[in-house]
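Some notes on the structure that comes next.
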Amino acid sequence: MKNKEVSRIFNEIADFLEIKGVDYKPRAYRKAARNIEALTEDIESIHDRGELQEIGGIGEALAGKISEYLETGELEYYEELREDLPVDIEGLTNIEGIGPKSVKKLHDGLGVETLEDLEEAAEGGEVVEVKGFGEKVQGNILENIERAKRSRERKLLGRISPLVQDIERRLSGKDTFNRINIVGSYRRGKPTVGDVDILATAEDREEAMDEFCGLEDVEEVLVKGETKSSTVLSAGVQVDLRIVDEGSFGSALMYFTGSKDHNVSVRGEVKGRGWKLNEYGLFDSEGEKLAGETENEVYGKLGMSYIPPELRENTGEVEAAEDGSLPDLVEGEDIKGDLQIHTNYSDGSGTVREMAEKAAGKGLEYLSISDHGPSLKVAGGLTEEDFEEQAAEIERVSDEVEIEILHGVEANIVEGGLDVSKEWCERCDLLCAAMHDRPDNSTERILSVLDEYPVDILVHPLGRKILSRDPLKIDLDRITDRAAEEHVAVEINAQPESLDLDWQNVKKYRGKVKYAVSTDAHSRGEMDFMHLGVTQARRGWCEAGNVLNTKKVDKVRSYLNG
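This is how it looks when you write it as structure tokens:
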């Protein structure tokens, strides 16, 4: 799949154009890049069918550029931009606080072309010599470079998911394999993934390994053996395959799913009986095999309920499985609506109709259109006139698409309140509020807004970007107390870079507040991210009752108005 490659190139083109001061085009390229990365289908298949312009934000010109790259492996326009400014634009802009224009300043002032150049300049105290960069910024750059180094080997769950699912589909389609399961942190739904681990059974192991190592996007075979092989794909992802016996598949599935701490906890229970548990099976004190073919069988022999993979983090799940108190986890099919969607009225690419039709096609009963408020200029925030125009469009579409469309706004929390008037708020079916900057008084700003405005959902409350930006330093105890008092739901944002609120805090506050699992979709394709949010809710021990949008729309309104 070349989706990620094309998306990366378009994002870099946007950066280069922004450096040149070109209007409008950078935003168009970024929208296209975002939509391409959100695709669950291989872009080459879409190209082969001649349907590139069916992707949101892709017109004739951009479709032509995609075709050029897919057919030749190069894009002349992109190469010309790189020649004008020979820098590692992706690597440098991945550092929090470094945008395209900062890259230009650093290149012109210090000759910075790579991440290594930037680190050397910052360590040498040279960055402060560039206009607009002070001691604090220089220190932040060094700190953020270290974070980037630590996170290099990890991939975002939501970004790697289409690739993993494609590999699983291709291997499952081969007669050589009897059983295929993705294991490791991916199966547990961890927000980031290192290597991709696959467990399988096969009668002819040699043929199975030949099939695996011969997949078309395998760039390098690191190890090839009878029971384990390791490859590196063209996308730069290492994929490991282990083949085990049918009778040990369940115990191996448990072992290689992890987490390590969960396995240690389970083995502690096993040792108390004088038994032994490993990837080959569960054995009694005499060495007789008691279980191993399925996970259910192993957990059952230990007197435990089956523990869903998302819970296997040693946070009390083993004890709960023993006393029968595991939660009845929320499922994807429980979700009845999506409560944060963006359209082309701000920084989304889909129209109201397109987003509504996509939601209806996914079987949802309702969605909420919540484009950005006016202060978020970078996202093309709404004016009040835009909001009224959008309201009229929603009314028209509602008559023609079988789904209920709520009309709201994602208001920005600024000094003194929200960036929308209270009168505007009253016209919203659903009001989202969000922090988009990082002031020292973030907690007080949020609490003040929850007090003074009719907020319905506090969205992406921590403002984090996994692998690149730390969460806001806010007092969640106080904020969730206030949210509960005011009947404000807290979002579990399903964007791959966000997954915010994080699962640890979801678990901590699930008895206090209601959660809204929403996609924050900026394109039709991103509405498919819902499963990522549900996974984080499950990791946080949420049942359907903990999640607001598992309810019918009238119940949602009733709770928020309570």
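Numbered continuously in the numbering used here, the sequence shown closes out at residue 563. For glycine and all other residues, C-beta sits at the position ideal for the given N, C-alpha and C. Bear in mind the structure is a predicted one, so any value in this text is a computation, not a measurement.
Around R479, the same chain offers T444, L448 as residues with beta carbons nearer than 8 Å, after the five sequence neighbours per side are excluded. Secondary structure note for F250: its alpha helix (DSSP H) is the uninterrupted segment 250–258. R31 has its alpha-carbon roughly 17 Å from the corresponding atom of E55. In the structure shown, C429 adopts coil according to DSSP, grouped into three states. In the displayed model, A412 falls within a strand according to three-state DSSP. In this structure, V353 and I404 do not form a Cβ contact; the two beta carbons are roughly 11 Å apart against a cut-off of 8 Å. K553 and L283 have their C-alpha atoms spaced approximately 45 Å apart. For H263, the enclosing alpha helix (DSSP H) has its first and last residue at 261–273. Bridge partners of G282 according to DSSP: N279. Counting the other Cβ atoms within 10 Å of the Cβ of K337 gives 16 or more, which makes it buried.
Note that the segment 268–278 does not touch the segment 187–195; fewer than 3 beta-carbon pairs, one per stretch, sit closer than 8 Å. Per DSSP, reduced to three states, the secondary structure at I59 is coil, with no helix or strand assignment. Using a Cβ distance threshold of 9 Å, L451 and V489 count as a contacting pair. Within the model, the alpha-carbon separation for R525 versus P27 is close to 20 Å. The way I'd put it, the segment 288–303 doesn't touch the segment 339–353; fewer than three beta-carbon pairs between them come closer than 8 Å. Two segments are said to touch when three or more pairs of C-beta atoms, one from each, lie closer than 8 Å; by this definition the segment 117–134 does not touch the segment 451–468. DSSP places R525 outside any alpha helix (DSSP H), giving it a letter other than H or E.
Residue nearest to T202 within the set R188, G135, I183, R439 is I183 (criterion: CA-CA distance). Rounded to the nearest whole angstrom, the C-alpha separation of Y25 and Y560 is 41 Å. With fewer than 16 other Cβ atoms from the protein chains shown falling within 10 Å of its own Cβ, L223 counts as exposed.
Listed in chain order, the non-local C-beta contacts of L407 below 6 Å within the same chain comprise S369, D430, L431, local neighbours out to five positions each way being set aside. Boundaries of the alpha helix (DSSP H) harbouring T444: 443–453, taken from the DSSP string. Per DSSP, the continuous alpha helix (DSSP H) segment holding V7 begins and ends at 4–20.
The residues A490, K515, Y516, A517, V557, Y560, in chain order, have a CB closer than 7 Å to that of L549 in the same chain once the five nearest residues on each side in sequence are set aside. The C-beta distance from T551 to E311 rounds to 17 Å, too long to meet the 8 Å contact threshold. Per DSSP, the unbroken alpha helix (DSSP H) holding R170 starts and ends at 158–173.
Boundaries for G362: no beta strand (DSSP E) harbours it, while the alpha helix (DSSP H) harbouring it runs 353–362, taken from the DSSP string. A residue is called buried when at least 16 other Cβ atoms come within 10 angstroms of its Cβ; D16 meets this threshold and is buried. A distance below 7 Å between beta-carbons, with the five flanking residues on each side excluded, links R180 to the following residues of its chain, in chain order: A201, T202, F250. Collapsing the DSSP output to three states places I308 in coil. Between the segment 531–547 and the segment 31–50 there are fewer than three inter-stretch CB-CB distances shorter than 8 Å, so the stretches are not counted as touching. With a threshold of 16 other beta carbon atoms within 10 Å, P101 meets it and is buried.
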